[in-house]
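Visitor: Numbering (our numbering) for the sequence shown: 171 to 410.
Backbone N, C-alpha and C fix where the C-beta goes; we use that ideal spot for every residue, glycine too.
Structure below; questions to follow.
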Amino acid sequence: MNNKKIGFLFGFVCLLLTFAIVVQIKTVKSLGVETNVSFAEDALRDEVLKWKEKYDNASVELSKTEKQLEDKRKKASQKDETSKANEEELKIGNTVLGLIDVSGEGIEITLKDNQTVTTETATSDMSYYVVHDIDIISIINELKNAGAEAISINDERVISTTSITCAGNVAQVNGEKVGAPFIIKAIGDSNTLYEALNRPGGYIELLNSWGIVTNIQKSNNIMIEKYNGVINFKYVKDAK
């Protein structure tokens with residue numbers, strides 16, 4: 171074999187080797203890209219799965235929190251309703267006890283001693299011509315029987331423990347001295363209260379017969395102040 175043939179064969183082999191190397195390099199590069207892409211896709215998929223898991227857990231926690239909040243709202247609402255009921259009950263109790271100022275329709279009665287009678291003109295004991303504790307008590311009882319819900323005498327609130335007594339020429343109400351004219355206020359149905367006091371044979375008619383001045387006025391806005399004293403119960407206890 172001559173030198174030309176040997177050179178040609180050697181060149182051809184080199185060309186084949188070069189071609190094979192190039193093909194191998196391209197194949198390796200292609201496989202590397204596919205491997206990298208596949209690896210990136212797997213990493214992204216794992217990240218998405220992790221975030222989805224976090225989202226699912228957060229959704230569960232949110233649902234639990236919303237349920238707990240709703241339960242607290244319901245309990246708060248129930249407590250609120252209970253508080254309102256207790257507050258209303260306390261208000262009614264204080265009204266009955268006379269511990270708050272009240273207003274409403276009713277009547278106002280004024281009682282004055284007989285100013286015209288003298289010792290010389292009196293046909294009987296002079297005590298009949300002046301207002302006494304029994305007179306005030308009798309009118310208070312008639313007002314209560316007619317449905318009065320709140321009563322005061324010269325702005326002294328009448329409550330369950332109120333005492334009305336004579337002290338010389340004045341009266342004592344709740345231990346406080348009050349003098350004539352005696353102004354009695356009562357809250358209730360004004361027509362019923364008015365008719366109860368002015369009925370024939372009633373106590374007002376008796377007072378008028380002695381010349382004691384009585385005046386009764388209806389009103390749509392009677393104001394009665396609260397009891398300013400202290401209520402002490404020594405014997406009353408809660409029933410169990």
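Going by the CB atoms, is the gap between S308 and Y364 shorter than 8 Å?
Guide: Taking the first residue of the sequence shown as 1, we reach residue 364 at position 194. Taking the first residue of the sequence shown as 1, we reach residue 308 at position 138. Their beta carbons are not under 8 Å apart, which means Y364 does not touch S308 by this criterion.
Visitor: Using the beta-carbon count (16 or more within 10 Å), is I262 buried or exposed?
Guide: If you number the sequence shown from 1, residue 262 lands on position 92. Classification of I262: exposed, given that the 10 Å Cβ count is below 16.
Visitor: If contacts are defined as beta-carbon pairs under 8 Å, then G268 and G358 qualify, I think. What distance do you get, rounded to the angstrom?
Guide: Residue mapping note: residue 268 aligns to position 98 of the sequence shown, counting from 1. Residue mapping note: residue 358 aligns to position 188 of the sequence shown, counting from 1. Their Cβ separation, rounded to whole angstroms, is 15 Å, which puts G268 and G358 out of contact at 8 Å.
Visitor: Quick one: give me the first and last residue of the alpha helix (DSSP H) that E346 is part of.
Guide: In the sequence shown, residue 346 corresponds to position 176, counting from 1. Note, E346: premise wrong, no alpha helix (DSSP H); beta strand (DSSP E) at 346–348.
Visitor: Quick check on the DSSP output: what are the complete beta strand (DSSP E) runs of length 3 or more inside the segment 277–327, in order along the chain?
Guide: 320–323
Visitor: So, for I468: in the same chain, excluding its five sequence neighbours on each side, which residues have a beta-carbon less than 6 Å away from its beta-carbon?
Guide: No statement about residue 468 is possible, as the shown extent of the chain runs from 171 to 410 and does not include it.
Visitor: Taking just the CA atoms, how far does Q342 sit from V383?
Guide: For the purposes of this step, residue 383 is taken as the residue at position 213 of the sequence shown. For the purposes of this step, residue 342 is taken as the residue at position 172 of the sequence shown. C-alpha separation (whole angstroms): 20 Å.
Visitor: Quick check: what's the CA-CA separation for S297 versus N324?
Guide: Position 127 of the sequence shown holds residue 297. Position 154 of the sequence shown holds residue 324. Approximately 21 Å between the Cα atoms of the pair.
Visitor: If you check the beta carbons only, do V301 and A366 fall under 8 Å apart?
Guide: Against the sequence shown, residue 301 aligns to sequence position 131. Against the sequence shown, residue 366 aligns to sequence position 196. No. Outside cutoff.
Visitor: Let me confirm a value: S360 is counted as buried when at least 16 other C-beta atoms fall within 10 Å, else exposed. Which label applies?
Guide: Against the sequence shown, residue 360 aligns to sequence position 190. S360 is buried by the Cβ-count criterion.
Visitor: Could you check the C-alpha separation between I401 and N264 for me, to the nearest Å?
Guide: As a position in the sequence shown, residue 401 is number 231, starting the count at 1. As a position in the sequence shown, residue 264 is number 94, starting the count at 1. Between I401 and N264, the C-alpha separation is close to 11 Å.
Visitor: Just the C-alpha distance for K404 and I270, rounded to the nearest angstrom, thanks.
Guide: Here the question's residue 404 lines up with position 234 in the sequence shown. Here the question's residue 270 lines up with position 100 in the sequence shown. Distance between the alpha carbons of K404 and I270 is about 22 Å.
Visitor: With 16 other CB atoms within 10 Å as the buried threshold, where does K407 fall?
Guide: On the sequence shown, residue 407 is found 237 positions in, with the first residue counted as 1. Looking at its Cβ environment, which holds fewer than 16 other Cβ atoms inside 10 Å, K407 is exposed.
Visitor: Looking only at its chain, what residues have a beta carbon closer than 6 Å to the beta carbon of Q387, apart from the 5 residues adjacent to it on each side?
Guide: Locating residue 387 in the sequence shown gives position 217, where the first residue counts as 1. Closer than 6 Å at the Cβ level, and outside the excluded window around Q387, lie E278.
Visitor: Suppose contacts are defined by Cβ-Cβ distances below 8 Å. Is I141 in contact with I354 by that definition?
Guide: This structure does not reach residue 141, given that the chain is present from 171 up to 410, and the question cannot be answered.
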